[in-house]
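Quick note on the working numbering: the sequence shown kicks off at 2 and runs consecutively. Yeah, the Cβ is synthetic: ideal placement off N, Cα and C, and Gly gets one too.
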Amino acid sequence: MATGDKRVFIGLNDGTEIWNVTSYVINTTVSLGKNQILDTFQPGTATFYLKNFNREFDPTNTGSAFYGAVLPRATWVYIEIEGMNTLFDGWVDDWSFEYDVNGESTAVLVASERTGLFARQYILASSFPAELTGARVTRVLQDGGVAYTNPYNVNPYIVDDGTKMLDADTTCRGRNALEYLNSIVDSEQGNFYTDQAGSLIFKDANNSVTSAATAVTQFFTDDGTSGAYPYTDIDLSYSTDLLYNKVSVTSNDETRTVTATDSVSAGLYQISQLDVSAILYNDSTTMSYLANYIVSKYNEPQYRVNNLTVSFTNLDNTRKNNLLDLLGLNSYCKVKFTPNGTGSAINRFCKVIGIEHAIDIDDHNVTFTFESIMNPSIVLDDVEFGKLDSYSLGF
């Protein structure tokens, strides 16, 4: 990235000083969310390759303008896009240095969202009361072993109430915070992620997609439709990697396991089993609902849009803003494609579960990874998702 590049601003910050490292960046990759809908929540990461020709990022070089900035965990890095949006904000985890005999040396900075600390934190409370999933998420975030804060965000976390009642837990002490939070998400069948503003978000299962929600973000298309976003590459599949017709759900205390099977799907596609463990309730009825819900969601192979890539560089400022503001994690959109321009167009409703930014000297490309909205909860009176024969009643 050339000096004075207006596309991005990349800064290091220790709370008292900000160092602008934009002109030293060779390329940057930011990964947010997940690659598959059944993956567990993991904090977003960013990797930066920086020019280090004159030992600018050598932590022992007291003559460098960046002396004091090259310090893992005590500093953080953030990216602003054209002064409009914060794209990434996270702790610096690691510095590594690649020295070239020709002098074209590089420093590599690896950072993770602040929630990356959860993987190294453990719950101190000796017990939790019976409570809804949202209250349990908040309790974990406020636990003495976690004490999650983000002093640079007025809303460090935004938590839905939750729809599932969790059992009292006397085995929580010493549990890994990240693993425990993922157990709450699995028990709720909700979503847990960091939004564009840097707030940690817990969405419960009571968040239904609507046609209006997909219309807000308009859609992606390959035919130049006015108002839609063009894409440069799209990845489709029709596979069994998300085909499960037998689901076993096991409680956190491992005293109860409930299994649901779609015999029609199993007879047609052979048995494909998914095991869901560490569910934080032991009620057989609720566990049965969960097992049957997952089976109904994954009992057929899907012809789906895995991901697509948009050239952010070639969008006008208004559309750049819209793309970043409206299409964050857990947002909805519609993808329209006509393979090779042959036959009728195909439309798919999708939810964004992953976002990757690849930024170098000349280009900025954004890749969205999707969950197909093949079987969402029914929405009464909705023109698309209110069809009784097409959508489920939810979990």
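Inter-residue spacing [alpha-carbon to alpha-carbon] between residue i and residue j
{"i": "Gly145", "j": "Leu110", "result": "30 Å"}
{"i": "Ile11", "j": "Gly355", "result": "22 Å"}
{"i": "Ala148", "j": "Asn177", "result": "14 Å"}
{"i": "Asp170", "j": "Phe129", "result": "5 Å"}
{"i": "Val26", "j": "Phe371", "result": "29 Å"}
{"i": "Thr408", "j": "Asp224", "result": "In the structure as shown, the chain begins at 2 and stops at 396. Residue 408 is therefore absent and cannot be evaluated."}
{"i": "Thr241", "j": "Gly69", "result": "51 Å"}
{"i": "Asp317", "j": "Asn154", "result": "28 Å"}
{"i": "Arg8", "j": "His365", "result": "9 Å"}
{"i": "Leu244", "j": "Asn55", "result": "53 Å"}
{"i": "Thr319", "j": "Ser127", "result": "51 Å"}
{"i": "Tyr333", "j": "Ile347", "result": "17 Å"}
{"i": "Ser200", "j": "Phe42", "result": "15 Å"}
{"i": "Ile272", "j": "Ser278", "result": "19 Å"}
{"i": "Asn53", "j": "Ala108", "result": "6 Å"}
{"i": "Thr262", "j": "Glu255", "result": "20 Å"}
{"i": "Ala229", "j": "Ile235", "result": "15 Å"}
{"i": "Ala359", "j": "Thr368", "result": "8 Å"}
{"i": "Ser65", "j": "Asp361", "result": "24 Å"}
{"i": "Ile19", "j": "Pro73", "result": "15 Å"}
{"i": "Trp96", "j": "Leu51", "result": "11 Å"}
{"i": "Tyr232", "j": "Gly91", "result": "29 Å"}
{"i": "Arg257", "j": "Asn36", "result": "30 Å"}
{"i": "Gly5", "j": "Asn208", "result": "With a pLDDT of only 43 at Gly5, under the threshold of 50, the placement of this residue in the model should not be trusted; the figure read from the coordinates follows. Approximately 43 Å, taken between the alpha carbons."}
{"i": "Cys351", "j": "Leu328", "result": "11 Å"}
{"i": "Gln122", "j": "Asn156", "result": "21 Å"}
{"i": "Gly268", "j": "Asn300", "result": "11 Å"}
{"i": "Asp363", "j": "Phe220", "result": "26 Å"}
Beta-carbon proximity of residue i to residue j, cut-off 8 Å
{"i": "Ser188", "j": "Gln303", "result": "no"}
{"i": "Tyr79", "j": "Phe89", "result": "yes"}
{"i": "Leu309", "j": "Val353", "result": "no"}
{"i": "Lys247", "j": "Asn331", "result": "no"}
{"i": "Ile398", "j": "Met288", "result": "Outside the shown range of the chain (2 to 396) lies residue 398, about which nothing can therefore be said."}
{"i": "Asn283", "j": "Ser249", "result": "no"}
{"i": "Phe135", "j": "Asp162", "result": "It is worth fixing the name first, because residue 135 is Gly in this sequence and not Phe. Yes, the Cβ-Cβ distance between Gly135 and Asp162 is below 8 Å."}
{"i": "Ser311", "j": "Arg349", "result": "A small fix is needed here, since residue 311 is Val in this sequence, not Ser. No, the pair does not count as a contact, with Cβ atoms beyond the cut-off."}
{"i": "Asn14", "j": "Thr76", "result": "yes"}
{"i": "Gln197", "j": "Leu324", "result": "no"}
{"i": "Val259", "j": "Ser297", "result": "no"}
{"i": "Phe119", "j": "Leu179", "result": "yes"}
{"i": "Leu291", "j": "Gln190", "result": "yes"}
{"i": "Ile202", "j": "Thr195", "result": "yes"}
{"i": "Lys321", "j": "Glu83", "result": "yes"}
Residue range of the unbroken alpha helix (DSSP H) whose run includes residue i
{"i": "Leu143", "result": "Note on residue identity: the sequence assigns Gln, not Leu, to residue 143. Element bounds for Gln143: Thr134 to Gln143."}
{"i": "Asp161", "result": "Segment: none, Asp161 is in no alpha helix (DSSP H) and carries neither H nor E."}
{"i": "Thr319", "result": "Asn318 to Leu327"}
{"i": "Tyr270", "result": "Ser264 to Tyr270"}
One or two residues paired with residue i in a DSSP bridge
{"i": "Gly344", "result": "In DSSP, Gly344 forms no bridge with anything."}
{"i": "Ile11", "result": "Ile80"}
{"i": "Pro231", "result": "Thr222"}
{"i": "Asp95", "result": "Val111"}
{"i": "Gln303", "result": "Ser240"}
{"i": "Ile19", "result": "Asn14"}
{"i": "Ile280", "result": "Ser252"}
{"i": "Arg349", "result": "Val336"}
{"i": "Gly355", "result": "Gly34 and Thr370"}
{"i": "Val155", "result": "Val155 is not bridged to any residue."}
{"i": "Asn86", "result": "Ile82"}
{"i": "Asn208", "result": "Answer is none; Asn208 lacks a bridge partner."}
{"i": "Asn28", "result": "Tyr50 and Asp361"}
{"i": "Val259", "result": "Val250"}
{"i": "Asp170", "result": "Phe129"}
Limits of the unbroken beta strand (DSSP E) element including residue i
{"i": "Val296", "result": "No beta strand (DSSP E) contains Val296, which is instead part of the alpha helix (DSSP H) from Ser285 to Tyr299."}
{"i": "Ile185", "result": "Here Ile185 belongs to no beta strand (DSSP E); instead the alpha helix (DSSP H) covers Ala178 to Glu189."}
{"i": "Val102", "result": "From DSSP, Val102 is part of no beta strand (DSSP E); its letter is neither H nor E."}
{"i": "Thr195", "result": "Asn192 to Thr195"}
{"i": "Tyr50", "result": "Thr46 to Lys52"}
{"i": "Ile202", "result": "Leu201 to Lys204"}
Any non-hydrogen atom of the ligand GTP closer than 7 Å to residue i Cβ
{"i": "Glu372", "result": "Absence of the ligand GTP from the depicted structure is noted, as is the absence of any ligand whatsoever, leaving it without description."}
Below-8 Å beta-carbon distance, residue i vs any chain B residue
{"i": "Val277", "result": "In summary, chain B is missing from the structure at hand, where a single protein chain is found."}
>> For the pair the segment 161 to 172 and the segment 94 to 108, tell me if three or more CB-CB distances fall below 8 Å.
In response: no
>> Assess contact between the segment 27 to 34 and the segment 56 to 73, defined as three or more Cβ pairs (one per stretch) separated by less than 8 Å. Is contact present?
In response: no
>> Closer than 8 Å is the cut-off here; do at least three beta carbon pairs connect the segment 110 to 130 with the segment 42 to 49?
In response: yes
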